[in-house]
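Below is one structure, written out as structure tokens; comments come after it.
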Amino acid sequence: MTLDVVQQLKLLQHIYSESTIWDEELRASRHNVPEDVSAEQLQALEATGHEPNHFERPQHEETIRELRTLAERWTLQEAAQAFVASLWSAPMIWRSLLTGKLIATSIPDHEYDPYSSSHKCQICGLDVNDGVDTSLQWYWRITNGTPLDGDIFGHVLALREMAASQELPVPCEYDRWTLRAVLTVLRNLPPKTRYSKAADALKKEQLLPTKKVYVYRDLLETLALIGILETPEQPGMITAFTSYAERDKRPNTRVEVQAPLAWWDSSVGINEHNLNLIFGEFDCSDVSLENKPEPKPLASETVIGAFESRRGVGTKAKVPKKSPDAGTGEVQPGDVYAVKVLSGSWVTVYCHEVKDKRTIVEYLDGVFPDMPGKEDLILTVRPRPDERWQCSAIGIDSTSWVRRVARDMPAPNASQPKPESVPFHAAKDLRHMASWCFPDL
Ligand SMILES: [Zn+2]
1 MTLDVVQQLK LLQHIYSEST IWDEELRASR HNVPEDVSAE QLQALEATGH EPNHFERPQH
61 EETIRELRTL AERWTLQEAA QAFVASLWSA PMIWRSLLTG KLIATSIPDH EYDPYSSSHK
121 CQICGLDVND GVDTSLQWYW RITNGTPLDG DIFGHVLALR EMAASQELPV PCEYDRWTLR
181 AVLTVLRNLP PKTRYSKAAD ALKKEQLLPT KKVYVYRDLL ETLALIGILE TPEQPGMITA
241 FTSYAERDKR PNTRVEVQAP LAWWDSSVGI NEHNLNLIFG EFDCSDVSLE NKPEPKPLAS
301 ETVIGAFESR RGVGTKAKVP KKSPDAGTGE VQPGDVYAVK VLSGSWVTVY CHEVKDKRTI
361 VEYLDGVFPD MPGKEDLILT VRPRPDERWQ CSAIGIDSTS WVRRVARDMP APNASQPKPE
421 SVPFHAAKDL RHMASWCFPD L
């Protein structure tokens, strides 16, 4: 089983929505992995380097050194290019390259200087005591935005991911338009508009391929951290490095964000000088928001757009109602069962024979977004790429996500002979084995 980025994110979303338990030894909160996540799914996540509950405990000197070394791979211009691409077409993790680059080049050499009440360094904000789940960090980089508030270990993890990627994303026409549109909205806000209303204004124009307002707010915090939305007293990183303790001073306790954004409003405006320093190669003039071009790629074709629109996996609360054609009693030949697999996709199996509480089943053609009804069924067998495949399944009537949807159906069409061997499996394995016959699942 291999998982694409969106499938990895959906699976992690399912796992990370579960409760956590505090692990004293790791000094970290572990997420309980829900029962409906299979060993194969976990292995597939592990193969991508994104298995849940994968902890690292960053050390102070090493983290700063690694951040600087990683950031040297790219120029400021390349980081700006990745940033613009990340506004729409490229995965959002690329936005962290610019913040990482600016922090790495401005952070001073310093001794670890923790607050008296915690293990967090007052200069760089690194918490050296607690375990960090690197997969959860990756999940946030793609679904939320840059590591706030300038978290240096979060940036190390993001830069490691990007360093492993061979190619820097190139901004497309629509990415470039999006940069100008974001700046246009910010330049034309009513006087004294604060960050919360500014995020709403960006969301109203649907300038990012997300429906989540916190992603827009993260973008504002990022623009502030780099120095596009700074104030004379609270500079961003392109102007000067400010310590974590300095950034953490806020006008009042209700302000959720750090400086510079905490102190910024629309009357301060955009720092056009810094904008030119970072994005000098791009046209940053205003656009007409009324004449918005057609997004290309479509929002649904971006990683975040696809992630938000695709249905979740294993949503326990939404077990579908019994099929009207399910009938009653135990499995018998001629029954068709629907099997829910990853990403809210359903496939079906035909029951050829029942013997000693075991059912010889075979996948049928068709992948369905919801549990299919009798009228949706396609009575043609679905072979593996080389030959037909059947198994002898136990427990088909007592397995979650395996539901009978029709009875007394005629034998399915097949163009190849029956397989010679029929292995035994638990019916729950029908979920992950589906990928053998449906390679695109
Ligand atoms: Zn420090």
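Positions 1 to 441 (UniProt numbering) are the ones given, in order, by the sequence shown.
Don't be surprised by glycine CBs; every beta carbon is placed ideally from N, CA and C.
Please report the distance separating the alpha-carbon of residue i from that of residue j.
i           : j       : result
Pro-52      : Arg-403 : 29 Å
residue 448 : Lys-418 : Look at the range of the chain in this structure, 1 to 441, and you will see that residue 448 is not part of it.
Ile-238     : Ile-226 : 6 Å
Thr-193     : Val-185 : 12 Å
Lys-120     : Gln-59  : 11 Å
Asn-274     : Asp-113 : 30 Å
Leu-98      : Thr-380 : 52 Å
His-54      : Leu-9   : 15 Å
Gln-81      : Phe-307 : 24 Å
Glu-205     : Gln-258 : 25 Å
Ile-378     : Ala-434 : 16 Å
Leu-219     : Glu-61  : 29 Å
Gly-305     : Pro-209 : 5 Å
Tyr-244     : Asp-149 : 8 Å
Ala-163     : Gly-334 : 54 Å
Asn-413     : Val-84  : 52 Å
Ser-392     : Ser-421 : 10 Å
Pro-260     : Ile-396 : 59 Å
Ile-360     : Gly-125 : 59 Å
Ala-224     : Val-303 : 25 Å
Met-409     : Gly-329 : 16 Å
Leu-342     : Leu-441 : 8 Å
Ala-317     : Gln-43  : Residue confidence for Ala-317 is low, a pLDDT of 42 falling below 50, so the modelled location carries little weight; the figure read from the coordinates is stated next. If you take the alpha carbons of Ala-317 and Gln-43, they lie about 25 Å apart.
Ile-64      : Arg-141 : 20 Å
residue 448 : Leu-277 : Outside the displayed span of the chain (1 to 441) sits residue 448, for which this structure offers no information.
Thr-48      : Glu-375 : 39 Å
Ser-96      : Gly-280 : 19 Å
Thr-20      : Lys-292 : 44 Å
Ser-345     : Ser-415 : 26 Å
Counting C-beta neighbours from all protein chains within 10 Å, is the total for residue i 16 or more, i.e. buried, or is it exposed?
i       : result
Tyr-115 : exposed
Asn-32  : exposed
Gln-7   : buried
Ala-240 : exposed
Asn-271 : buried
Ser-285 : exposed
Thr-178 : buried
Pro-439 : exposed
Gly-154 : buried
Ile-103 : buried
Tyr-350 : buried
His-352 : buried
Val-170 : exposed
Thr-315 : Residue confidence is low: Thr-315 scores 44 on pLDDT, short of 50, so the model does not pin down where it sits. Its coordinate-derived value is still stated next. Thr-315 is exposed by the Cβ-count criterion.
Leu-298 : exposed
Gln-41  : buried
Lys-428 : buried
Ser-398 : exposed
Asp-23  : exposed
Lys-203 : buried
Arg-385 : The sequence as given places Pro at residue 385; Arg does not occur at that position. Flag for Pro-385 reads exposed.
Leu-11  : buried
Ile-93  : buried
Tyr-214 : exposed
Arg-247 : buried
Ser-165 : exposed
Glu-294 : exposed
Ser-300 : exposed
Phe-424 : exposed
Write down the C-beta distance between residue i and residue j rounded to the nearest angstrom, noting that I regard them as a contact closer than 8 Å.
i       : j       : result
Asp-175 : Trp-74  : The pair is not a contact, with the Cβ atoms about 17 Å apart (cut-off 8 Å).
Thr-222 : Thr-146 : 5 Å
Thr-348 : Gly-366 : 6 Å
Glu-167 : Trp-138 : At roughly 18 Å, the Cβ-Cβ gap does not stay under 8 Å, so Glu-167 and Trp-138 are not in contact.
Leu-157 : Val-182 : Their Cβ separation, rounded to whole angstroms, is 26 Å, which puts Leu-157 and Val-182 out of contact at 8 Å.
Phe-130 : Arg-27  : Strictly speaking, residue 130 in this sequence is Asp, with Phe absent from that position. Contact holds; Cβ gap of about 5 Å.
Ala-406 : Met-371 : Their Cβ separation, rounded to whole angstroms, is 12 Å, which puts Ala-406 and Met-371 out of contact at 8 Å.
Phe-263 : Thr-231 : The question names Phe, yet the displayed sequence has Trp at residue 263. About 5 Å separates the two Cβ atoms, so the contact holds.
His-50  : Ser-135 : 5 Å
Leu-189 : Ser-266 : 4 Å
Any C-beta of chain C sitting closer than 8 Å to the C-beta of residue i?
i       : result
Arg-403 : Within the model displayed, chain C is absent; a lone protein chain is all it includes.
Within 5 Å of ligand 1: residues by beta-carbon to any heavy atom
Cys-121, Ile-123, Cys-124
Could you tell me which uninterrupted beta strand (DSSP E) segments, each at least 3 residues in length, are contained entirely in the stretch 227–289, listed from first to last along the chain?
none
4 or more residues per run - each alpha helix (DSSP H) lying fully within the stretch 165–232
173–187, 195–204, 213–226
Fully enclosed by the stretch 106–138, which alpha helix (DSSP H) runs are 4 residues long or longer?
none
At which residue ranges does the stretch 22–84 contain complete alpha helix (DSSP H) runs of 4 or more residues, listed in the order of the chain?
39–47, 60–71
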